[in-house]
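What follows is a short report on a single structure.
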Amino acid sequence: MESICLDNNFKLSFEKLPHTVRLIVLKDGEEWVCRKEKLANLFSFIEADQQFLFKGRLQLFKRDDEIVVQVRNTIIGTFSNQTFKEALNKLK
Numbered sequence: 028m029e030s031i032c033l034d035n036n037f038k039l040s041f042e043k044l045p046h047t048v049r050l051i052v053l054k055d056g057e058e059w060v061c062r063k064e065k066l067a068n069l070f071s072f073i074e075a076d077q078q079f080l081f082k083g084r085l086q087l088f089k090r091d092d093e094i095v096v097q098v099r100n101t102i103i104g105t106f107s108n109q110t111f112k113e114a115l116n117k118l119k
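In my numbering, the protein residues as written are 28 to 119.
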């Protein structure tokens, strides 16, 4: 399972499933929210002009060259597009 460390003891982890990837936000090591998405859709989010990914509690959006993670309308962390792409490439 790949992970990206965020701010304030939050972590975004990626769990590979047979047909999708499960994105999990951990708070102090415990699962807080998650979302399943196809790997191809995650790559297309990075490459395309698409600004937002997901609706609901867990949302990702692009700002300049970084991706912002928002949970329940609160920004919990940011990381670079390159970091996101590297994590996704390890799931192929």
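For glycine and all other residues, C-beta sits at the position ideal for the given N, C-alpha and C.
- Message: Among the candidates 99, 62, 87 and 60, whose CA atom is the shortest distance from the CA of residue 73?
- Response: Within the sequence shown, residue 73 is the residue found at index 46, counting from 1. When each option's Cα is compared against that of residue 73, the closest is 87.
- Task: Could you tell me which of 47, 100 and 101 sits nearest to residue 118, measuring between CA atoms?
- Result: Here the question's residue 118 lines up with position 91 in the sequence shown. If we check each option's Cα against that of residue 118, 47 comes out closest.
- Environment of residue 79 [buried if 16+ CB atoms lie within 10 Å]: Stepping through the sequence shown from its first residue, residue 79 is reached at position 52. Flag for residue 79 reads exposed.
- Taking Cβ to Cβ, would you say residue 40 is nearer than 9 angstroms to residue 57? For the purposes of this step, residue 40 is taken as residue 13 along the sequence shown, with counting starting at 1. For the purposes of this step, residue 57 is taken as residue 30 along the sequence shown, with counting starting at 1. For residue 40 and residue 57, no; Cβs fall outside 9 angstroms.
- Query: Whole-angstrom Cβ separation of residue 99 and residue 81, contact assumed at under 8 angstroms?
  - Reply: On the sequence shown, residue 99 is found 72 positions in, with the first residue counted as 1. On the sequence shown, residue 81 is found 54 positions in, with the first residue counted as 1. About 12 angstroms; that fails the 8 angstroms criterion.
- Message: Can you tell me which residues form a DSSP beta bridge with residue 86?
- Response: In the sequence shown, residue 86 corresponds to position 59, counting from 1. Per DSSP, 97.
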